[in-house]
Amino acid sequence: YEIVSRDWSSDVCSSDLLLNNFYFQLYGSKSFFIISPNNLFNVYPKSPVGRYPNISKVDLLNVNDKKYPKISNAQIYKVDLDPGSCLFLPSCWWHQVVSNDVSISINIWTKRPLFEPILEKFQMIPFGCKLFLKSLLTN
């Protein structure tokens, strides 16, 4: 798992090809802009069969319809995460993230298939959060 604490936003739309992502929002808020993997050619991957098939040329926050007209064929879902929210982002789903303010989040990536045992990772969350939050308060 990974703990992130910073004002963080993504300026690129991407997808995780081999990993599912459980995203837990602990503090602050973030917005996810999500597109189904069925829209591969609507999101204009930098190189669909080359080195960067999981990075899009399109900035979902500043879409240029003239340069990327097919993006209008893709349904873009917006998901807002507030403290206590959890988002499951399956592998291959396109996403771009915006941090709305200072935030603390936890990501847990799991290999495909989804039903791979992940209980050990979930059991570590409270302990890891406590250690991380304690380090923030003492520094």
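All residue numbers for the sequence shown refer to the working numbering, where the first residue is 527 and numbers rise by one. Using N, Cα and C, we set each Cβ at its ideal position, and we do this for glycine too. Being a predicted model, the structure only gives us computed values, none of them experimental.
For residue i and residue j, which I take to be in contact (beta-carbon distance under 8 Å), what is that distance rounded to the nearest angstrom?
i	j	result
L615	Y549	6 Å
K748	F559	It is not possible to answer for residue 748, since the shown part of the chain is limited to 527 through 665.
K556	N626	6 Å
S617	N546	5 Å
In angstroms with no decimal places, state the Cα-to-Cα distance between residue i and residue j.
i	j	result
L613	L607	8 Å
K572	W635	24 Å
G554	S540	23 Å
V628	L586	21 Å
I630	S582	26 Å
I602	L552	25 Å
Y578	V623	19 Å
N564	S611	26 Å
N580	N590	19 Å
K593	L543	25 Å
N588	P609	27 Å
V538	S562	16 Å
W620	K637	17 Å
A600	V584	12 Å
Tell me residue i's beta-bridge partners as DSSP assigns them.
i	result
Y603	I560
S582	P571
L587	In the DSSP output, where bridge partners are listed per residue, L587 has none listed.
Just to confirm the assignment, what range does the beta strand (DSSP E) spanning residue i have?
i	result
F567	That residue, F567, is in no beta strand (DSSP E); it is neither H nor E in DSSP.
N546	545-553
I634	629-637
C539	Taken as a continuous stretch (DSSP letters only), C539 belongs to no beta strand (DSSP E), as it is neither H nor E.
V624	620-625
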